[in-house]
Amino acid sequence: MKLQLSTPFSWAICIVATGMAGVLNLAAAESLYGNLSVEWMLACMLFISVYATLAARQAYLHARKWPKTVIVLLFPLSFLHLMFDAPIALSIGVTVFNLLLWAVAYRLTDKLIRLSPKNTLNPS
41 MKLQLSTPFS
51 WAICIVATGM
61 AGVLNLAAAE
71 SLYGNLSVEW
81 MLACMLFISV
91 YATLAARQAY
101 LHARKWPKTV
111 IVLLFPLSFL
121 HLMFDAPIAL
131 SIGVTVFNLL
141 LWAVAYRLTD
151 KLIRLSPKNT
161 LNPS
């Protein structure tokens with residue numbers, strides 16, 4: 041039995057997965073390359089949330105493929121988590137979870153593009 045998600049659920053999961061993956065990568069970059077203040081971290085997290093919502097909206101309402109392209113371009117950032125000075129099991133666990141989030145965001149972005157009313161390949 042194949043799992044079928046309705047469009048609002050696809051939107052929600054795509055936004056959450058993209059946002060969580062972005063925040064995980066922000067936390068990795070912040071701990072590796074600098075000490076951002078709390079205000080900058082909150083501003084970056086707000087930007088990530090807005091980006092995730094805008095990406096889902098552009099994919100579904102306008103059948104634009106740039107959100108999918110951005111996910112592919114940002115995918116290598118998932119491996120930043122392997123550089124943490126942490127136990128290897130924790131580092132690998134966080135990396136695998138982050139890769140799962142990127143995969144979910146990619147698959148659901150693709151689904152939102154296919155379901156888009158503006159998609160010219162959509163038969164309905």
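So for the sequence shown, our numbering puts the first residue at 41; every next one is plus one.
Yeah, the Cβ is synthetic: ideal placement off N, Cα and C, and Gly gets one too.
What you are looking at is a predicted structure, and each value in this text was computed from that prediction instead of being measured.
Look at the Cβ atom of residue 64, then the Cβ atom of residue 70, and state whether they are nearer than 8 Å.
no
For residue 156, does the count of other Cβ atoms within 10 angstroms reach 16, so buried, or fall short, so exposed?
buried
Quick check: residue 121 and residue 68, are their CB atoms within less than 8 Å of each other?
yes
Please report the distance separating the alpha-carbon of residue 66 from that of residue 144.
18 Å
Quick check on residue 134: buried or exposed, where buried means 16 or more other Cβ atoms within 10 Å of its Cβ?
buried
Can you tell which of 115, 49, 160 has its C-alpha closest to the C-alpha of residue 62?
115
Which residues in the same chain as residue 146 place their Cβ atom closer than 6 Å to its Cβ, once the five residues preceding and following it in sequence are excluded?
111
Where the alpha helix (DSSP H) through residue 71 begins and ends:
47-73
Going residue by residue through the segment 86-155, where are the continuous alpha helix (DSSP H) segments of at least 4 residues, counting only ones entirely within it?
106-114, 128-155
Please classify residue 73: is it buried, with 16 or more other beta-carbons within 10 angstroms of its beta-carbon, or exposed?
exposed
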